[in-house]
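Before any comments, here is the structure.
Numbering (the working numbering), first residue to last: 66 to 209.
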């Protein structure tokens, strides 16, 4: 799971900041998100070119500027995306939607605090056709 920061709330979702090439690439191909700005270092120009049609604004920063803005964040790889979060269903909405299906796999997580571990669990869930994951409100990282 990528590290993120929630900046402000919108009716359509929260603006999230996602760091790192793989996390940003995954977010960019997600059609349920609206991408506001991609901030990259000069050496990631080719990456931006590949996804320019999906992004409203691309800002190329020199290494010094980028480090000044994101120097405290680990693993940015010189790529930062500001995008909207996607809507998450409540448990009641999920159950209502799944009533039509004979079998649905639903996973409940508790006290998992590391984003990377949740990301690994989510990737495993995709392999087992898990339809949903319940994550505690407290003692859990933000999900992107």
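Glycine included, C-beta positions come from ideal geometry on N, C-alpha and C.
Residue pairing by DSSP places residue 100 opposite 120, 148 in a beta bridge.
Exclusion of the five residues before and after residue 190 leaves 170, 172, 198 as the residues of its chain whose Cβ lies within less than 8 Å of its Cβ. Residue 94 sits in coil when the DSSP states are folded into three classes, being neither helix nor strand. Of all C-beta pairs linking the stretch 92-111 to the stretch 126-133, three or more are shorter than 8 Å, placing the two stretches in contact.
The beta carbons of residue 149 and residue 99 sit about 5 Å from each other, so the pair counts as a contact at 8 Å. Per DSSP, reduced to three states, the secondary structure at residue 134 is helical. Residue 165: not part of any alpha helix (DSSP H); DSSP gives it neither H nor E. Ranking 141, 201, 118, 202 by CA distance to the CA of residue 86 puts 141 first.
The C-alpha of residue 206 is placed about 21 Å away from the C-alpha of residue 144. Contact annotation: residue 80 and residue 89 have beta-carbon atoms that are not nearer than 7 Å. With respect to the 7 Å criterion, residue 93 and residue 116 are classified as neighbours on the basis of their beta carbons. Bounds of the alpha helix (DSSP H) holding residue 191 are 180-192.
Leaving aside the five residues that flank residue 119 on each side, the residues in its chain whose CB is nearer than 6 Å to its CB run, in chain order, 93, 100. Rounded to whole angstroms, the gap between the alpha carbons of residue 164 and residue 91 is 29 Å.
For residue 199, the enclosing beta strand (DSSP E) stretches over residues 195-200.
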